[in-house]
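Trainee: Position 273 (the sequence shown) corresponds to 273 in full-length UniProt numbering; numbering is contiguous. Where is the CB? At the ideal position from N, CA and C, for every residue including glycine.
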Amino acid sequence: MERVNHSASSEFVFLGLTNSWDSQLLLFVFSSVLYMASVMGNCLIIFAVAVDPHLHSPMYFLLSILSVTDVGVSSSTSPKMMYDLFKKHKVISFRGCVIQMFFIHAIGGVEMVLLIAMAFDRYVAICKPLHYLTMMSPKMCIFFLITALVVGLMHSVIQLAFIVNLPLCGPNILDSFFCDLPQFIKLACMDTYRLELLVSINSGFMSIGSFFLLIISYIVIIFTVQKHSASGSSKALSTLSAHVTVVVLFFGPAIFFYTWPSSSTHLDKFLALFDAVVTPVLNPMIYTLRNQEMKMAIKRIFRQLMGYRQIS
């Protein structure tokens with residue numbers, strides 16, 4: 001990167017979400033409560049899967065890794081956003097902006113593969129139950145985890161390779177509360193049509209392809225269950241509804257961000273806030289409230305903790 005370009009964009013200014021004091025206070029309280037609930041809820045799932053023998057299965061192993069990614073998603077944007085709410089001059093350094101984009105896309109790539117792995121797990125459990133322990137062995141779980149990490153890192157590195165050497169000659173204003181590729185690319189003093197197309201192919205089409213693959217897989221599972229047992233379809237729907245909900249919550253904003261040709265800034269900010277603050281707290285709620293084994297495990301943990309406190 002040329003020296004003049006780097007010096008002209010050594011830091012970026014966020015316009016943020018709102019300039020109203022009342023709205024900022026409301027957003028701070030709202031975001032703080034949801035962020036703490038997200039961290040505590042996802043950490044509770046991770047802890048429950050780690051210590052409860054009843055949850056030592058491939059499905060809950062993948063769920064615990066998903067909870068780790070949810071903590072990472074919210075932590076990559078929410079703390080900075082809450083810190084900036086009451087600051088008149090909301091800035092982030094060039095390095096901080098690149099690091100934020102790296103983690104956002106790396107975690108997004110990991111979560112994408114995890115959701116596909118969880119769909120495969122449910123397919124084997126429901127459609128091929130006799131082969132479940134063989135097909136979803138510990139080695140397969142580790143394979144899914146390593147694949148998710150590799151795909152996430154490759155996806156993020158490829159994205160950053162597109163933009164890290166862009167000629168940035170000002171202005172340095174981002175109409176958002178965090179750094180991401182669509183806003184960042186607009187700061188380049190060059191024709192970015194091809195670059196925007198590459199980003200759409202890498203992020204947008206990847207999200208769309210994965211989304212439809214997951215939806216088709218869930219439809220196949222439901223039809224397979226209906227062929228074998230009409231009464232079992234309601235149980236399958238109950239089991240899969242949580243997974244489908246999480247898939248829609250994850251891919252909905254991502255598809256909109258990277259494929260919609262002329263999106264509204266206000267809608268972008270709303271979806272970004274929803275994706276960064278609301279979705280990470282909804283995932284543990286969806287999986288714990290709709291999963292009897294998880295609820296029982298959490299109750300056992302609390303009983304053990306209460307018993308330990310009484311003894312001590």
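#1: Is Ala-50 buried or exposed, if buried means 16 or more other CB atoms sit within 10 Å of its CB?
#2: If we count Cβ pairs, one from each stretch, closer than 8 Å, do we get three or more for the stretch 155 to 164 versus the stretch 96 to 103?
#3: Which residue marks the beginning of the beta strand (DSSP E) containing Val-151, and which one marks its end?
#4: Return yes when the Cβ of Pro-253 is within less than 8 Å of the Cβ of Asn-42, no when it is not.
#5: Could you have a look at Leu-197 and say whether DSSP puts it in helix, strand or coil?
#6: Put Lys-87 into one of helix, strand or coil per three-state DSSP.
#7: Starting from Glu-111, follow its DSSP beta bridges and name the residues at the other end.
#8: Quick check on Ser-93: does DSSP put it in helix, strand or coil?
#9: Could you give the DSSP three-state label for Phe-14: helix, strand or coil?
#10: Restricting to Cα atoms, I'd like to know which of Phe-212, Leu-214 and Pro-182 is closest to Ser-200.
#11: Measure from the alpha carbon of Ala-242 to the alpha carbon of each residue in Phe-86, Met-59, Asn-172 and Tyr-83, then state which is nearest.
#12: Confirm, please, whether the CB-CB distance from Asp-175 to Leu-27 is below 8 Å.
#13: Roughly how many whole angstroms lie between the Cα atoms of Met-143 and Ala-117?
#14: How far does the alpha helix (DSSP H) with Thr-134 in it reach, from first residue to last?
#15: So Cys-43 is in the alpha helix (DSSP H); what residue range does that whole segment cover?
#16: Rounded to the nearest angstrom, what separates Tyr-132 and Arg-95 at their Cα positions?
#17: The ligand ADP and Gln-226: does any heavy atom of the ligand fall closer than 7 Å to the residue's C-beta?
Mentor: Well, looking at it:
#1: Result: exposed.
#2: Enough Cβ pairs lie closer than 8 Å, so yes.
#3: Counted as a single uninterrupted DSSP element, the stretch harbouring Val-151 is not any beta strand (DSSP E) but the alpha helix (DSSP H) occupying residues 138 to 163.
#4: No, the pair does not count as a contact, with Cβ atoms beyond the cut-off.
#5: Secondary structure of Leu-197 (DSSP, three-state): helix.
#6: Coil at Lys-87, not helix or strand.
#7: Secondary-structure assignment with DSSP links Glu-111 through no beta bridge to anything.
#8: In the structure shown, Ser-93 sits in a strand (DSSP, three-state: E or B).
#9: Strand, per DSSP.
#10: The residue with the shortest Cα to Cα distance from Ser-200 is Pro-182.
#11: Checking every option, the nearest Cα to that of Ala-242 belongs to Met-59.
#12: Cβ atoms of Leu-27 and Asp-175: not closer than 8 Å.
#13: Before going on, a small fix: residue 143 reads as Phe here, not Met. Cα-Cα distance, rounded: 10 Å.
#14: Residues 132 to 135.
#15: Annotation for Cys-43: the continuous alpha helix (DSSP H) segment containing it runs 21 to 51.
#16: Between the alpha carbons of Tyr-132 and Arg-95 lies a distance of about 46 Å.
#17: Of ligands this structure carries none, so the ligand ADP is not represented either.
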